[in-house]
Every structure is written in C-alpha cells, then in structure tokens.
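Protein chains in written order, with my numbering: chain A, 1 to 209; chain B, 210 to 418; chain C, 419 to 627; chain D, 628 to 836; chain E, 837 to 1045; chain F, 1046 to 1254.
Report on the structure given below.
Protein chains: 6
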Amino acid sequence: MRHELYSAVVCDALDALGFTRQSPRVELRALTGVHVLVGRCRTMLWADMAHVDPEPYALELAAVDACRPDDVMVAAAGGSMRSGIWGELLSTAARNGGCTGAIVDGAVRDTAKMAAMGFACFARGTSIYDSQNRQRVVDIDVAVEIDGVRFAPGDLVFADDDGVVVVPREIEAEAIARAWAKVHAENVTRDAIRAGMKAVAAYRKYGVL
Amino acid sequence: MRHELYSAVVCDALDALGFTRQSPRVELRALTGVHVLVGRCRTMLWADMAHVDPEPYALELAAVDACRPDDVMVAAAGGSMRSGIWGELLSTAARNGGCTGAIVDGAVRDTAKMAAMGFACFARGTSIYDSQNRQRVVDIDVAVEIDGVRFAPGDLVFADDDGVVVVPREIEAEAIARAWAKVHAENVTRDAIRAGMKAVAAYRKYGVL
Amino acid sequence: MRHELYSAVVCDALDALGFTRQSPRVELRALTGVHVLVGRCRTMLWADMAHVDPEPYALELAAVDACRPDDVMVAAAGGSMRSGIWGELLSTAARNGGCTGAIVDGAVRDTAKMAAMGFACFARGTSIYDSQNRQRVVDIDVAVEIDGVRFAPGDLVFADDDGVVVVPREIEAEAIARAWAKVHAENVTRDAIRAGMKAVAAYRKYGVL
Amino acid sequence: MRHELYSAVVCDALDALGFTRQSPRVELRALTGVHVLVGRCRTMLWADMAHVDPEPYALELAAVDACRPDDVMVAAAGGSMRSGIWGELLSTAARNGGCTGAIVDGAVRDTAKMAAMGFACFARGTSIYDSQNRQRVVDIDVAVEIDGVRFAPGDLVFADDDGVVVVPREIEAEAIARAWAKVHAENVTRDAIRAGMKAVAAYRKYGVL
Amino acid sequence: MRHELYSAVVCDALDALGFTRQSPRVELRALTGVHVLVGRCRTMLWADMAHVDPEPYALELAAVDACRPDDVMVAAAGGSMRSGIWGELLSTAARNGGCTGAIVDGAVRDTAKMAAMGFACFARGTSIYDSQNRQRVVDIDVAVEIDGVRFAPGDLVFADDDGVVVVPREIEAEAIARAWAKVHAENVTRDAIRAGMKAVAAYRKYGVL
Amino acid sequence: MRHELYSAVVCDALDALGFTRQSPRVELRALTGVHVLVGRCRTMLWADMAHVDPEPYALELAAVDACRPDDVMVAAAGGSMRSGIWGELLSTAARNGGCTGAIVDGAVRDTAKMAAMGFACFARGTSIYDSQNRQRVVDIDVAVEIDGVRFAPGDLVFADDDGVVVVPREIEAEAIARAWAKVHAENVTRDAIRAGMKAVAAYRKYGVL
C-alpha cells in the first residue's frame, strides 16, 4: 500500500493538517540506485570526535543488530562529512533484521556494494574515511533532528527523489487518509489537463495543484 | 538544426562577440533524464512568502496556459529551495501549448513523473513542499536574472549537462553562425589529435581548443 | 591488480599506517559514466585570471602532450568554477600518451563527449565557459593540494564513487599490502554477517568493520 | 522596562513555554553602533527583480510613512544581498513616525549615516547598490519569516548582540513574566558563583544556568 | 574632494550611466580601524600553491616598491583564505611610495599593527599563515576581477563600510559629476524628510531616494 | 612573556619546524572586547542533540569547576550554531579556577556580560538559544579538532585578531625560541623599510618577511 503513495503527496497532506515542516531542506540523495524508501524510523545520533575511541562502533553495531522488519535507519550526524558512517557491513547486518534502508544526514561509503545489494541509502554524500576515531554514535532510539525536522523512533518516513518526509505518530492515520484523497484529486486534475483543459480552468474546477 | 549545436560552443561564440557572461555559474541539473533543451525563454519571477496567499497559483497558471511552441519556461526564484515550484501538472499544461522544458533557479518536485513524461527540467534541486503560501509568481514575461545573467522573453536558450547559456536577441544570428563555424573547427582539431597530432601542434595549426 | 582494490579499503590501510588525511573532503563526482580510476598523478596547477592571456593554453597543452601510460591528470584549481578547464580535446590528447583519466578540483565541460570516449573524469562540476582568459595553468609537475591533501607527481591515486585517495610514495608498498589484507578480512566479516551472524559478534570475532 | 530584559533570557522563557524556534539562526549584526532594539514588528516582504520597476520604492515609502511609536521595521528579504534595501532616508522617515529601528534579513547601506542618527539597524550585511530595479517590496503588514521564524505584525521583538527573538502575541504576557523570573534566578546563581560557589553546586541548588 | 563622496552615491551615479555591476558582492571589511579609502588601483593577481616557491615574495615586493602617491593596492586572490597575503611589512613598504591602503580579496594578517600604522585595509578576513609556499603573486599591473567586477590599473576606487566600488576610466569624469549632483539631491530630500515631510511626498517631489 | 609574542609569529615558527597546519581556517572572532588570549588548552567536546537531556549541563559544569590557572577552555562543537554553548555563568565559574578565556568552535551568548567581565571569548558567532536539549558535552579532557587542527589538553594556544594557533607539546620549547628570534628579525626588517629601504632590498638583506 505505502509504495503507491509518494513523498510529495504525503507532505501536502501534512500541510493540510497544519504540519508544515516535516521535510528537511537538505539534499539527501538516493546513492544506491533505489529511489523509493518507506518504513518506520529507527534512530542513531552521531557525534564527531578526534581522539581514540575506547569502544569503536559499539552503539552502531547494537543498533543494526536490533533492527526489525520495516525499519528505516535514520542516522542523524548533523550533516557532518567527516567520514563514511554507513556502509556495506552495517547494511548487511541491518537487513538481516528486516531494515529496508537508511537515511543518513552525513556521509556514507561502499555505495557500489550497497547498490549491488539493492539496499536503499539516502545521504548527503560520500566519504571514503572509516568512522573509527572520527565519528561515533552517542545515542540510539531517541528523537533526532535533520535540518530542524524531528524524526522520532517509530515515525513513518517516506523518501524518494523529491525528498524525505516524516509523519508524526499522532496524525499518521489522518495524514495517510488525506494523502490517498490527494492522489486521486491530482489524477483527476492531471487527466483533465492532459485532455486539453487549461490549467486555470482545471484549478478552478478541481481546486488541486 | 539547433540540436546539433551545444551549450559550450554557443558560449564560445558569445565570448568571441564580447558577451562573456551569458551562462549562470550555478548548478542547474537535468533532473528528468532529458539532457538537452533548446528554445526561447518564457519567464516567471518568483518570490518567497510566508503568509496566506489570497490567490494561490494565479500567475503560474496563467503563464503555463500562455505557452507557445518552442517555449522554454524560465522560472527565476533566486535559487530559493523553499518549495517545489514546478512539477507534473504545470509541465503537463505547459506542454499542451508547446513548451519544451523548464529551467528553474530553485526547487522542483514530481521529478519521477516529469521523467516519465519526457519533460526536460533543469533545476537547482528538489523540494517536496507545495509552493502554496511558500512561494508565488510576482511577475511574468519580464526580463529575469539567474546568477546575474539576464534572460529576456524570447531569447534563445541552450541547456545541457555542461550548463545553460542564453543568447541575447540582438546578436543571435551572428552568434549562431559563429557557433557553427566553431563546431567545424573543433571537429578538425579533434580529428587531428585523434589521429595522433600533438595538442601543441594542433593548436598552433588550427588555433582552436 | 589495482582495479580489485577500491578507494575505501586503501584509505583504511593508510589510516592504519597513521596517514589519516589522504582523501579530500570535497565532492569530486564521476561525470562521464566511468566510475573507477586508478593511476599515477601527473599534476597541473591552475590560477584564475581576468586579463588577456598572452599565451593561451600553453602549459596545459604541454602537460597533455607529455602524458605517459598510467597517468592520471590531477588538475588543482582550488575548486574554482570559473570555467571548464578540462574537456574533449585535452582528453583526446592526454589519452594519446596513455593517460587514463582526470581528477579536476574545478569545473570541466564536454562531459557528454568525454563519456562517449569512455574517458574517466572526476570533477567538482561543470562550466560551459572556455578557460581562455579566465583560468590558466601556472605550473606543471609540481606537488599540488586538493582540500589540503597533497598530490605529488607519481603518487598512486584511486578514485571511485566513494571518493578519491592518494598514496604517498614512501608508504605505497606497505599500504597496498595492508589494503589487500583488509579486503580479505572484510570479505570474511561480510560473509559471516550475511550468513546471519550478529554484527556485534562478527566485530568481536574478526575485528574488522 | 523592556530594556532591562535581553534577548537570551526572553528566548529561555519561550523555551520553557514550548516555543523553541523563535530566533533565526542567521547572523543579524548591529551595524550602526546601537546594540539593543526592542519594539513591535512592522513588516515588509521584499523580492529580487531585474527588470524596470514601474513604481520604484512604492511600498517601502508607504511602509515608512505608516510607522507608529514603538515600531521595529522587519524587512524580510530572504537574506538577499542583491542591494542595500534600507538606508538613511528610509530611517529618517521611519523615525518621524516613531520607529525605533530596523531588522533586515538582507543588506543595507548608509551605515555610517544611520550610526550618526543613532538609528538601530540589525542586518545581514551591507551593499552599496541602490534597490531600484534590483529588489522591491511586494507586501507590507503581513506575517513574514526570517530563517523559518515567523514575525507577525505587532509581535514583540528583541534584538541585541546575542541575536534576535520574537514573542508570539498569544503568549507574550506569560513569556515576559517568565523572563523576569529568569533574570532574577540567573542573578542569584551568578552572584553565588562569583562568590566562589562551584558551578555544579550552584546548578544543583538553583536549577538555573 | 574625493573624501566628501562616498561609495553608495558613486555607485548610484554609475547605475545612472548604465554601469550596474561595479561593486563586488562579497564582504570586504575594514579591518584596521580606517573606514574610508579612495585612490587609484594598483593590482596584484594571486594564486594558491602548495610546493616550494623558488622565488618567494618576488612579485609582491616588486609591486609594493613600485607604489606611487594615491595608489590603492588591489590584491585579487579569488577570496582564498589560505594565508595572510598582506601585512605590516608590505603596508610599510607600500606607504613609502604613497599607497593609501589595500583592498584584499583574501586574507591578511598583522591587523593590529596595520591599525597602529593607520593603514587602511579592506579584506575578506584574516589568516595567521605566512603566504610563503601557500600563495604567490603571478601577475602585477593587469586587470583583475573581484566577484566578477573588473579593477583595472589606474581606475578610481572607493571603499567604506557600505562596500567597494570601482569607476571605469572612460566614464570617470561623468560619474564623479553625477555623484556630486546626487549628494546634493539626497541632502535636500533628507532635510525635507527630517523636517517632517512624508517619504512618499519627498520622493514625488525630489525624485531621489 | 607570552603576551609579547603574537599568533602570526608563532605560526611562522611552527612553519619553520615543519608544523604547517596549526591554525584553523575558520573565523573565530574576539566577541568580548578582549583581543589577545594565551594559555594552555582545557578541552570539551560538544555534540548536537534534539531529545530531552537526562543530565543537563553535567560535563560542562564539571569542566569549568576543574579549571586551573592559565587554562584556556577549548570548546569543540564542529562549528555548530545550534545554541549558545558558552556564556556568563560558565565564564564566571571558569574564571574562579584561573581560566583566562575560551575558544569556541560554535556559538556563545551573553557577549555583553562577558565583555563587562573582561573575559576573553573567541567564537564562530552568537546564538541566543540555551544549550539545554540542543547540545551537550560528550567528553572532556580529550584531544579535539577545530577545522582539522588538533588541540590536545595542555597544549599552548595563542589567539588574537589574526587567528588562533596551537603549539604541540613536543616542539613547544623550540617553537617559542624561534618565535622570539622571528620577532627580532621582523623588527629589524620593518625598521629598515620604515627608514626608507626598498622591500626587495630588505628581504634580500634580512631574509624575513
């Protein structure tokens, strides 16, 4: 079901409910050839560092091992490009538990291998540096922010080439219902315009753009 | 004819005529799988806003309904990424009139659908936010600027993966003629180098790089 | 041989040897459809200019004509996007001598033609402006920096979609040996995780991530 | 009264009430030697332009002529540095009506003359370009945003060297009351620390930092 | 005489003559406590480097030794912050010849000592790094650009806290004459507004803002 | 003694010893009217956060209470402007222990009050937001980096209007000795130039610039 919705129409539904800031205004690109990702947020909060980490990888390993079906790993690193904080091995482990993809507000590496796995990964970009002693996870399973937008554990998230949008739990049912209605209304409008109706007339008639 | 020219050689021709600032130095990426766009500018000037728009979409609907064959819609939004100001429905309406593509100094959405339509769209990037109450068109059919480069209604514009270049009306004929000549000269030079001539020798002989 | 290594594992090997800053943290994208490049650095240092160049293209022509098998042309332009400093003709000439690709810390043009040639080109982006009277080469065959990382003539360089990494001559043999070992260890770890081992257990057992 | 409050403590009071995004995270510097500004928002929304303005300066002249005592002119230009949109003459006219200063999310000019007038002006920076045919006011007396923070007409606003904070009308009384209480609590804490109490102990005792 | 003019009014005069891009839109701050600088351009073009300079400081020493009365040293470094390219010793030498100040599109150092000398220095910012082996002058006495604005040797330049503006030689006399007229008209308008005239009325009457 | 040295000459001494990256290339401005700061690094590593902090302020309070004479607090926050992480109360507590100032790679608040205290504070800028639930200290007394430059606990650090430079322990004695020698050589050169010697001649004679 969810895969017939798409990020923009979900965002419009949230707008209509007064939730007007549910998509980060930073570029989170699909880097692995998979262009649609839907699921529920599992979160990691990352911090930069420059000293020797006494417990390298500790919390990210725990996080990937805890993944459950339908999880989308949300790695909040404040946009830091200091190292590649997500890659092939974490993807493999996360997928074992059912994780469907990752959204990384930072850099990743092993993009070619993740592409070969068919693992969805939306990120700011890439870095070939290992994260060890450069960045580490300081909290998991807490609410995080990307560009001021809150991603809480369990929130429904949609990502595609237009962007990323997160649906707060308390309005999820209503938002999804409205999104479906908007999909239908857009289809009607588009079909009318495609059939030659002027855009001004179509908007006046259907009230949707 | 125009499709055998390409942006870089047109830009070189403009250089030779003393018009050395005809390409914006901002990244306007081909987001819909169509990598070449040529036509004449039809312009929209966008402004950010944060209050309730009393007439949502008014001028952009008028603009798309007015499109004529060979038009390229140039949406000047000063690089604002506040919302997706161009998308599937506007593309559909614009194409009804003959519009061949859009150049957007801002964000667009519905990229997958525009790609399915085969509609050329060069833009700064994407945003899933609806433009309503976020941005609006404040003028149409006026000269606009992208990164300090002037795009006047009716000017010939070329866009491809190397960039975007606009040809002022008053020198269009001469610029196109020179561009054709440059294409020929580059072919000769390239063929000579490909055949093994040293680059220094080729440049000395043909004077083209 | 080299093509079985990849940038990230080489970077990890350099980390292990205490060379922790061998990859520029700037985005150098594969712009021509070739996603892997390995070879030895041949360098050009570029500078912006705005006056009439008395000797246009002089040093870059000399540089491409001097290319030898296995060369990777490294064009250090400080990230300037002022013009397209590398393109089809230089690629053709460089390839005549055996050059396998270019890494450009600046803008290039003719990307479609270089793609047709199968010439690898990693760069910051594109510009359709000719370099003449906009940028020029001021030195060749000297050590250059990209984002503070030193590229000396003859250094081994790897580039792929994860990034670019350069191996200083004095530790090349040891770095390559370690990279091979790391490839093997990663394979073992990945296979174990793929077979269902928890990531925490795999890291405890194999010590590699 | 208001001048004994300051932006940071007002922001803390708003935090305590759940209004955690009331200060733009852009640098709005005091450019005229006046470092504190308090008043109620009067708003102008600016847009970039590049064609000949048929009615230059029309709305900004209307806006300054409409100023009333205690007004702070808030010029929302989306951070555009295209021209100096506020200067000596507008300041003079605005002050005639009682305007106490300006907050400009864009560029200003005549800083030396505004300093000589003692007119408070917080802005992104300066530009010597006249705004005519470069930027114009497209709306006045509407809610505007600076960096995603809403400034509605009549809202109380504080600006000083720490930043700018705006108090939504509906919680103004409560926010101001809390800010006063926080001022007192901070004074007690600071005096205790100044007298030699450890910070850990002071925070444990007074609960304020 | 020149010191009674100021950058903004000169820029307005240039606007009126159709020279609408004579001020760089980059922040060139007065870093040494001297806030007004007027004179004729003497130019240096700088380039970044990372190898050992065989002739350190060669061209900049020649340039400062060549300074003549009324010169303003314009150091075009493309905004590079790689090192402090101007400082106390160069200022001292330049002043020996009559140089009145420097405009540096890059970083400087020794700001406290230049302030003690009363030497005007407008720059992007500071760097404590010596320029040796980091940047060098590659040309002197050529036309240079700062943010796309051309500064030719001998051009009249004005700098103050509002910005920097350069007057092309061929229109210098006319621009200065118009600037004087504009100063007068602004004074009349300001005095009228200060005396209580509404801004709308003043602009209608005097046509100046 | 140390106050007669200054950042630039220390940096030159480090250059001569082969330590060429000891100054961050980010703007760390003196925000409190104190323009020189010298001491030994005491470090805090900060991370952004968006959830409720179970132990607000815990580590920063511990850090300020631990301050000793000659300490300079180095707050490494990766340039985050999310909140004001240093202010009047922390300054007061830190000064109790002998701390002479703070270098903050992030935002601070209470600048006016720190200025009244005469407490040196170099920072990226200001934010009026409280750090609680926005940023927290995740480590103290570890090596940190600002813009890739390492600041280890106990390292000698100099800050002034030209920039910030840190001296690694292992070469401190030699660096300081060389800096003194450089001060002397610069004085001789400057006096010679001031007395009218050409810069070219002075550099040839004294070898210092």
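Heads up, the beta-carbon is just placed ideally off N, CA and C, and yes, glycines get one too.
From a predicted model like this one, the values you see are computed outputs, not experimental measurements.
In the DSSP assignment, find the alpha helix (DSSP H) that holds residue i and state where it starts and stops.
i, result
"A/E60", "A58 to D65"
"D/A742", "T738 to M744"
"A/C99", "Taken as a continuous stretch (DSSP letters only), A/C99 belongs to no alpha helix (DSSP H), as it is neither H nor E."
"B/A384", "E381 to R403"
"F/V1083", "Run containing F/V1083: none in the alpha helix (DSSP H); it sits in the beta strand (DSSP E), V1081 to D1093."
"A/V9", "S7 to A16"
"C/A538", "Not the alpha helix (DSSP H): C/A538 falls in the beta strand (DSSP E), residues A538 to T544."
Which stretch, first to last residue, makes up the beta strand (DSSP E) that contains residue i?
i, result
"C/R568", "V567 to F569"
"E/D996", "L992 to D996"
Whose C-beta lies closer than 7 Å to the C-beta of residue i among residues of the same chain, with five residues either side of it excluded?
i, result
"D/K740", "E715"
"F/G1163", "V1079"
"A/R109", "G84, G87, T126, S127 and I128"
"B/A394", "Y415 and V417"
"E/D996", "Y842, S843, H871 and V872"
Using only the alpha-carbon positions, how far apart do residue i and residue j sit?
i, j, result
"E/V1036", "E/R1030", "13 Å"
"E/V908", "C/D559", "35 Å"
"A/G163", "F/F1167", "38 Å"
"B/I355", "C/G515", "41 Å"
"E/S1049", "F/D1098", "With chain E represented from 837 up to 1045, any question about residue 1049 of chain E goes unanswered, as that position is not in the structure."
"B/L226", "B/I380", "8 Å"
"A/D70", "E/S967", "55 Å"
"B/Y338", "A/A181", "17 Å"
"D/G775", "D/P651", "7 Å"
"A/E4", "A/M197", "26 Å"
"E/R1005", "C/P474", "27 Å"
"B/V374", "C/A533", "21 Å"
"C/R542", "C/G496", "10 Å"
"D/T670", "E/G875", "40 Å"
Report yes if the CB atom of residue i is closer than 8 Å to the CB atom of residue j, and no otherwise.
i, j, result
"C/A468", "E/R857", "no"
"A/L45", "A/A175", "no"
"C/L574", "C/V562", "no"
"A/W86", "A/A76", "no"
"E/T962", "E/L864", "no"
"A/V137", "A/L59", "yes"
"E/A988", "E/C877", "yes"
"F/D1150", "F/V1071", "yes"
For residue i, which residues of its own chain have a beta-carbon under 8 Å away from its beta-carbon, when the five flanking residues on both sides are left out?
i, result
"F/M1046", "Bear in mind that a pLDDT of 49 at F/M1046, under 50, signals an unreliable position, so the model cannot answer this."
"A/C11", "Q22, S23, G163 and V165"
Spatial neighbours of residue i within its chain, please: C-beta separation below 6 Å, excluding the five flanking residues on both sides.
i, result
"A/R120", "In the sequence on display, residue 120 of chain A carries Ala and not Arg. For A/A120, where only same-chain residues beyond five positions count, the Cβ hits under 6 Å are V34, L37 and G101."
"F/R1127", "D1093, R1179 and Q1180"
"D/V691", "L717, A720 and A721"
"F/L1254", "Y1248"
"B/A401", "A411"
"F/T1234", "A1247, Y1251 and V1253"
"A/C276", "Since the first residue of chain A shown is 1 and the last is 209, residue 276 of chain A is not available in this structure."
"A/D139", "L45"
Cβ closer than 8 Å: which chain D residues qualify as neighbours of residue i?
i, result
"B/R304", "Result: empty, since nearest Cβ-Cβ is about 27 Å, beyond 8 Å."
Given that residue i touches chain B, what residues does it touch there, using C-beta distances under 9 Å?
i, result
"C/D548", "A217, C220, D221, D224 and L418"
"D/V769", "M258, A259, H260 and V261"
Along chain F, which residues have their Cβ under 7 Å away from the Cβ of residue i?
i, result
"A/E145", "A1095"
Run through chain C and tell me which residues come within less than 9 Å of residue i, C-beta to C-beta.
i, result
"E/R986", "A468"
Could you work out which residues of chain E lie near residue i, taking near to mean beta carbons separated by less than 8 Å?
i, result
"F/T1234", "L925"
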